[in-house]
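For the record, in the sequence shown the residue sitting at position 57 is 66 according to the numbering used here, with numbers rising by one throughout.
Built from N, CA and C at the ideal position, the CB exists for glycine as well.
Let me begin by presenting the structure, written as structure tokens, before commenting on it.
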Amino acid sequence: MEVINSEKKKTIITAAATQREEKYYFRYSSYVKLVRITAWMKRFLTNLKRTKDQRITGNLQFEEIKIAERALLKQVQIDAFNNEEDKRLYI
């Protein structure tokens, strides 16, 4: 009986469900709205790292919108040219 028990092995089975991650920029058809949403999200992330008195408030500044546009362009390039190895495609 000991010989049989020593040869038993545990089998672990795992199942992984993969879903394609939906990018938030596919939800909006307006480019201006998409850039502004991205700018607000970037500001939120920046403000998380700052103390309460150092946080940025008020309307979006031109520089924030410019940075958001660049970030969107970079993300779209990464998605579109994911398999490409030419580093000139990326900002």
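For residue i, the first and last residue of its enclosing alpha helix (DSSP H)
i   : result
N92 : N92 -> no alpha helix (DSSP H), and no H or E assigned at all.
Y5  : What the structure shows of the chain is the stretch from 10 to 100, and residue 5 is not part of that stretch, so it cannot be assessed.
Given residue i as reference, the closest of the options once Cα atoms are compared
i   : options               : result
V6  : A89, F71, N91 and N92 : Within the shown structure, residues of the chain are numbered from 10 to 100, placing residue 6 beyond reach of any answer.
L69 : N56, R52 and N92      : R52
Within 8 angstroms, strictly: CB atoms of residue i and residue j
i   : j   : result
I21 : V44 : no
### Query
Pairing CB atoms from the stretch 72-80 with CB atoms from the stretch 44-62, are three or more of them under 8 angstroms?
yes
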